[in-house]
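Visitor: Numbering (the working numbering), first residue to last: 0 to 140.
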Amino acid sequence: MQEKESTVFIVATTNDISKLPPEFLRKGRFDELFFVDLPNEQERRKILEIHLRKRGKLNNRINIGELSRKTDGFNGADLEGIIQDAVETAFIDEIEEITTDRLLKSLEEAKSISDIQKEKIKKLRENLKEYDIKPASAKVG
Numbered sequence: 000m001q002e003k004e005s006t007v008f009i010v011a012t013t014n015d016i017s018k019l020p021p022e023f024l025r026k027g028r029f030d031e032l033f034f035v036d037l038p039n040e041q042e043r044r045k046i047l048e049i050h051l052r053k054r055g056k057l058n059n060r061i062n063i064g065e066l067s068r069k070t071d072g073f074n075g076a077d078l079e080g081i082i083q084d085a086v087e088t089a090f091i092d093e094i095e096e097i098t099t100d101r102l103l104k105s106l107e108e109a110k111s112i113s114d115i116q117k118e119k120i121k122k123l124r125e126n127l128k129e130y131d132i133k134p135a136s137a138k139v140g
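(1) Can you give, in chain order, each stretch of the alpha helix (DSSP H) that sits fully within the region 89-123 and has at least 4 residues?
(2) Decide if the region 87-95 is in contact with the region 116-136; the criterion is three or more beta carbon pairs, one per stretch, under 8 Å apart.
(3) Got a sec? Which residues, its chain only, sit under 8 Å from T6 by beta carbon, not counting five neighbours each side?
(4) Round the Cβ separation of R52 and T98 to the nearest angstrom and send it over; I've been treating them as touching at under 8 Å.
(5) So what does DSSP say about P38, is it helix, strand or coil?
(6) In the DSSP assignment, what are the bridge partners of F33?
(7) What is the DSSP secondary structure of E65, counted as helix, strand or coil?
(8) Under a Cβ-count criterion, where at least 16 other Cβ atoms within 10 Å of its own Cβ denotes burial, should I94 be classed as buried or exposed?
(9) For D84, which of helix, strand or coil comes out of DSSP?
(10) Would you please state the rounded distance, in angstroms, between the beta carbons of S136 and D36? I believe it to be under 8 Å.
(11) Report the option in E65, E22, E118 whose CA atom is closest to the CA atom of L106.
(12) Output the distance between the C-alpha atoms of E125 and R25, rounded to the nearest integer angstrom.
(13) Whose C-beta lies closer than 8 Å to the C-beta of K69 among residues of the same chain, with five residues either side of it excluded?
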């Protein structure tokens, strides 16, 4: 990769950087390494908005700020699952509009990836201290 003669942009992902061969991590292979952690509150807010808008359910009766605060530890798929569950139960109950309360009820019944994979995520974060990796998210707060 370092012998390139023209502009090349390579993106690679892994769920466990410790499993990569050391030669992949030496300087010159990749210009930057980033760690994509679970979404922060601002990112969760955007994810919730995207999935609600995609389903035509974003409305002023939904407190996105409250939802994003209460979903710490949830990834994008977890958040989409909460919305999908709320949309499905509203359909079954013959209710058109989704509210914060309905989404919070779905949240109560959901388990986040950070609950299901708590030890694995903790170990991954600890292992990352060995590497010179930048966070993919901007610092919030």
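Using N, Cα and C, we set each Cβ at its ideal position, and we do this for glycine too. Only a predicted model underlies this, so the values are computations on that prediction, with no experimental measurement involved.
Guide: According to the data block:
(1) Taking only runs of at least 4 residues, the alpha helix (DSSP H) segments lying wholly in the region 89-123 are 99-107, 112-115.
(2) The region 87-95 is not in contact with the region 116-136.
(3) Excluding sequence neighbours, T6 sits near nothing in its chain.
(4) Not quite, the Cβ-Cβ distance comes to about 16 Å (not below 8 Å), so this is no contact.
(5) P38 falls in the coil class under three-state DSSP.
(6) Looking at the DSSP assignment, F33 forms a beta bridge with K133.
(7) E65 falls in the helix class under three-state DSSP.
(8) Answer is exposed; the Cβ neighbour count stays below 16.
(9) Helix.
(10) The Cβ separation is near 7 Å, so the contact holds.
(11) When only C-alpha atoms are compared, the closest one is E65.
(12) Distance between the alpha carbons of E125 and R25 is about 20 Å.
(13) In chain order, L103, L106 place their CB closer than 8 Å to the CB of K69, counting only its own chain and leaving out the 5 sequence neighbours on each side.
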